[in-house]
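Structure, as structure tokens:
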Amino acid sequence: LGGVYPALFNFNLEDGQHPYPAGKYRVHSSSFKINNFGQVSVGRVLLESVKSA
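One rule links them: number in our numbering = place in the sequence shown (from 1) + 36.
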């Protein structure tokens, strides 16, 4: 905790999935789940493009 933000992280693409083009993205809400302990967890990461204003 308390590290540098934003932090770089990697995630795997599905087999045959094309890479996301360079740009700004946010994690889609469907990527978040509540686990058996009632905690938020991240499932399959789906990104949605953030359009520039």
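Even glycine gets a Cβ: it sits at the ideal position worked out from N, Cα and C. Predicted model only: the values in this text are computed from it and were never measured.
When the Cα atoms are used, what is the spatial distance from residue i to residue j?
i: Val78; j: Glu50; result: 15 Å
i: His64; j: Gly39; result: 24 Å
i: Phe47; j: Asn72; result: 23 Å
i: Leu44; j: Gln53; result: 21 Å
i: Gly74; j: Tyr41; result: 27 Å
Assuming residue i and residue j make a contact with CB atoms under 8 Å, what is their CB distance in whole Å?
i: Val86; j: Arg62; result: 6 Å
What residues in its chain sit with their C-beta under 7 Å from that of residue i, if we drop five residues either side in the sequence?
i: Tyr56; result: Leu83
Note down, in chain order, each residue of its chain lying with its Cβ closer than 8 Å to the Cβ of residue i, except the 5 sequence neighbours on either side.
i: Ser67; result: Val78, Gly79, Arg80, Val81, Leu82
i: Gly59; result: Ser85, Val86
i: Val76; result: Phe68, Lys69, Ile70
Scan the stretch 39 to 72 and note each continuous beta strand (DSSP E) run of 3 residues or more that stays entirely inside, going in chain order.
-> 61 to 63, 68 to 70
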